[in-house]
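A short worksheet on the structure shown next.
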Amino acid sequence: MGTVLDVEYATPQPNGSIARERQVTTTGERRAFNGGNPVQFNMVTSTLTTPVAKYRDLVNGNLLEYGLVSPLLGQTNVAEWIPPISDPVDMQPGQVARTTYQSRVTVIPNAGQNVVQLADVQREFTYQGRETFRSAVGTFNACKFSVKQVTSSSGTVVTTNIDIYVAAEGPYRGQQLKVDTSEATQMAYSPK
Numbered sequence: 001m002g003t004v005l006d007v008e009y010a011t012p013q014p015n016g017s018i019a020r021e022r023q024v025t026t027t028g029e030r031r032a033f034n035g036g037n038p039v040q041f042n043m044v045t046s047t048l049t050t051p052v053a054k055y056r057d058l059v060n061g062n063l064l065e066y067g068l069v070s071p072l073l074g075q076t077n078v079a080e081w082i083p084p085i086s087d088p089v090d091m092q093p094g095q096v097a098r099t100t101y102q103s104r105v106t107v108i109p110n111a112g113q114n115v116v117q118l119a120d121v122q123r124e125f126t127y128q129g130r131e132t133f134r135s136a137v138g139t140f141n142a143c144k145f146s147v148k149q150v151t152s153s154s155g156t157v158v159t160t161n162i163d164i165y166v167a168a169e170g171p172y173r174g175q176q177l178k179v180d181t182s183e184a185t186q187m188a189y190s191p192k
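Numbering (the working numbering), first residue to last: 1 to 192.
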């Protein structure tokens with residue numbers, strides 16, 4: 001509890017500029033959420049100063065993601081993944097983890113009725129293998145993952161494909177270096 005990860009991401013924009021966002025995530029306590037007792041991670045960004053609470057746990061060699069709570073102006077969004085998203089921590093190159101879950105987002109306005117939005121999600125999380133990854137943070141032996149996600153809601157189907165690079169060793173082991181086009185440019189990790 002109390003571990004802090006401070007990362008700045010740079011994301012190329014269509015007009016050629018670079019958008020920068022700083023994310024500071026602090027490990028919190030275990031909390032009851034979405035039928036489990038996961039660890040709460042509180043994230044503040046340079047664009048959203050109200051903490052977003054993400055709920056995750058490590059169970060039997062799998063990283064479980066339960067959902068998040070995001071307070072916004074005039075409302076709070078509670079996203080729950082049923083069952084929690086489950087990805088193995090130890091994967092072999094080419095291994096695919098397939099997950100099917102329901103995304104339930106409850107929009108809780110400061111005034112008025114709650115609105116529940118449901119979507120069915122099919123997700124493939126593939127470990128591509130290791131490769132050298134060079135960035136402003138440094139050169140890393142990194143694990144490359146690909147995610148294909150198909151989301152269906154109210155007759156609309158959206159397919160998303162992203163690549164994720166994660167440091168495989170050293171002081172940043174397990175930390176995301178690049179997600180899709182957003183790349184870490186600065187990183188500080190303060191374990192407690």
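For glycine and all other residues, C-beta sits at the position ideal for the given N, C-alpha and C. Quantities reported herein were computed from a predicted structural model and do not represent experimental measurements.
Hey, out of the options, whose CA is closest to residue i's CA?
{"i": "Q186", "options": "Q13, V24 and G2", "result": "V24"}
{"i": "M91", "options": "E8, N161 and C143", "result": "C143"}
{"i": "A10", "options": "A136, V157 and N141", "result": "A136"}
{"i": "N37", "options": "L58, A19, S46 and V52", "result": "L58"}
{"i": "V158", "options": "R123, A184 and Q128", "result": "R123"}
{"i": "T76", "options": "G112, E183 and N62", "result": "G112"}
{"i": "T99", "options": "E8, T47 and L64", "result": "L64"}
{"i": "A188", "options": "L177, S182 and T181", "result": "L177"}
{"i": "N141", "options": "V116, R173 and D6", "result": "R173"}
{"i": "T39", "options": "T47, K54, T49 and T50", "result": "The question names Thr, yet the displayed sequence has Val at residue 39. Here the closest residue by C-alpha is K54."}
{"i": "A19", "options": "V107, T106, V116 and T47", "result": "T47"}
{"i": "K148", "options": "N34, V116, Q13 and I162", "result": "I162"}
Measure how close the beta-carbons of residue i and residue j come, nearest whole angstrom, since I'm counting them as under 8 Å.
{"i": "A119", "j": "S86", "result": "That pair is no contact at about 18 Å."}
{"i": "G94", "j": "E80", "result": "Actually they do not touch by this definition, with Cβ atoms about 31 Å apart."}
{"i": "A168", "j": "R130", "result": "6 Å"}
{"i": "E21", "j": "T45", "result": "6 Å"}
Which class does residue i belong to by DSSP, given the choice of helix, strand or coil?
{"i": "A142", "result": "strand"}
{"i": "P109", "result": "strand"}
{"i": "L63", "result": "strand"}
{"i": "V94", "result": "What sits at residue 94 in the sequence shown is Gly, not Val. It is coil, neither helix nor strand."}
{"i": "Y55", "result": "strand"}
{"i": "T100", "result": "strand"}
{"i": "G36", "result": "strand"}
{"i": "T151", "result": "strand"}
{"i": "T185", "result": "strand"}
For a quick check, are the C-beta atoms of residue i and residue j less than 7 Å apart?
{"i": "S146", "j": "T160", "result": "no"}
{"i": "P83", "j": "Y101", "result": "yes"}
{"i": "L164", "j": "V179", "result": "Before going on, a small fix: residue 164 reads as Ile here, not Leu. For I164 and V179, yes; Cβs fall inside 7 Å."}
{"i": "P171", "j": "T3", "result": "no"}
{"i": "S103", "j": "V121", "result": "yes"}
{"i": "T27", "j": "F41", "result": "yes"}
What are the boundary residues of the beta strand (DSSP E) that residue i is part of?
{"i": "P220", "result": "Absent from the structure is residue 220, since the part of the chain shown begins at 1 and ends at 192."}
{"i": "S160", "result": "Strictly speaking, residue 160 in this sequence is Thr, with Ser absent from that position. Run containing T160: T156 to A167, per the beta strand (DSSP E) assignment."}
{"i": "Q117", "result": "V115 to S135"}
{"i": "D87", "result": "Q75 to P88"}
{"i": "N42", "result": "V39 to T45"}
{"i": "R22", "result": "I18 to R30"}
{"i": "L177", "result": "Q176 to V179"}
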